[in-house]
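Asks:
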Amino acid sequence: MSEEQQPSNSNPDQPRPTWFSSWFDTPYYHILYKERNYREAQLFMDNITHYLNLPEKAKVLDLACGKGRHSIYLNQLGFDVLGADLSENSILEASKNSNDSLHFKVHDMRESFEEKYDAIFNLFTSFGYFEKDEDNLTTLKAIKESLSEYGFAVIDFMNVNQVVNTLVPEEVKIVDGIEFHLKRYVSDGHIYKDIDFEDNGQKYHYTEKVKALTLQDFQSMMDEAGIYLLDIFGDYKLKKFHKTESERLIMIFK
428 MSEEQQPSNS NPDQPRPTWF SSWFDTPYYH ILYKERNYRE AQLFMDNITH
478 YLNLPEKAKV LDLACGKGRH SIYLNQLGFD VLGADLSENS ILEASKNSND
528 SLHFKVHDMR ESFEEKYDAI FNLFTSFGYF EKDEDNLTTL KAIKESLSEY
578 GFAVIDFMNV NQVVNTLVPE EVKIVDGIEF HLKRYVSDGH IYKDIDFEDN
628 GQKYHYTEKV KALTLQDFQS MMDEAGIYLL DIFGDYKLKK FHKTESERLI
678 MIFK
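So for the sequence shown, the working numbering puts the first residue at 428; every next one is plus one.
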């Protein structure tokens, strides 16, 4: 949401929209990130579903699924998939791909599901967005409660140490004729990305904010949530996690 378009909050009891509910619901979010490597993402899902040895037609939850590209691929692998996301616009788009074994719904990841799942995937740093730290713990508990007795969960997060060490402070990306000016910085335990651009004579400003959670942070929350951390990987080929060099922090738990 642009600064010029921020709504006046006439009802003081009504909560202000979060940065992620505003930004993820715009078309510009999808424009900026349209060149993400989805083939690499599919390779990751091939590897992780093979590693988990999921049964045929296993019930899989893609938590924070966006427009459902990965839910669709998981469904093509033979799984019964639900894609869930807070963004109504994304779910509306994703739902065009629904079939008997692929469904989508608007859902807040802090809330558990009545149905139990054989696997829950939270992919590509879709965690740590909340203003309150306790909401991250609440989300982990909700994931645990939504797993079947023998189910596994996977959180694929950035490796904070590697990201901070290789942070590009300023960058300009031109996508679909739009010049995105990006600024990245670390402050108060979060990694920020300021996004400024202009389209059709209108200036826009958004800020992404993700909690800089380390493996130790996750382990502490998982201990508190009664979660058992089974394995840790450092990239999409499932190589061993290295604290400073790995690109990803991929955690398997139940």
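Ideal Cβ placement from N, Cα and C applies to all residues, glycine included.
My guess is that S528 and N549 are in contact by the Cβ rule of under 8 Å, so how many angstroms apart are they, rounded?
Replies: Between N549 and S528 the Cβ distance is about 21 Å, and since that is not below 8 Å, they are no contact.
Asks: Counting only the same chain and skipping the five closest in sequence on each side, list residues whose C-beta sits under 6 Å from that of T566.
Replies: Only M536, R537 meet the Cβ criterion.
Asks: Smallest Cα separation from A652: which of T593, D562, V487?
Replies: Per the Cα distances, D562.
Asks: Are there 16 or more other CB atoms within 10 angstroms of the CB of N627, so buried, or fewer, so exposed?
Replies: When all chains shown are included, N627 counts as exposed.
Asks: Using the C-alpha atoms, what's the distance from L665 back to Y612?
Replies: Approximately 28 Å between the Cα atoms of the pair.
Asks: What residues are listed by DSSP as bridge partners for Y655?
Replies: BP columns for Y655 are empty, so no partner.
Asks: Just to confirm the assignment, what range does the alpha helix (DSSP H) spanning S575 have?
Replies: Not the alpha helix (DSSP H): S575 falls in the beta strand (DSSP E), residues 574-585.
Asks: My parser needs the alpha helix (DSSP H) runs of 4 or more residues fully inside the stretch 497-554; what are they?
Replies: Qualifying alpha helix (DSSP H) stretches, in chain order: 515-521.
Asks: With DSSP collapsed to three states, give me the class of K494.
Replies: Coil, per DSSP.
Asks: Are three or more beta carbon pairs between the stretch 511-530 and the stretch 492-502 nearer than 8 Å?
Replies: These segments touch.
Asks: For Q468 versus L488, is the C-beta distance shorter than 8 Å?
Replies: Looking at the sequence provided, one finds Ala at residue 468 rather than Gln. Against a cut-off of 8 Å, the Cβ pair of L488 and A468 comes out as no contact.
Asks: For F581, which option in K681, K532, Y456 has the closest C-alpha, if you only look at C-alpha atoms?
Replies: Phe is not the amino acid found at residue 581; the sequence shown has Val there. Of the candidates K681, K532, Y456, the one whose C-alpha sits nearest the C-alpha of V581 is K681.
Asks: Grouping DSSP H, G and I as helix and E and B as strand, with all else coil, what is D644?
Replies: Residue state, collapsed to three classes: helix.
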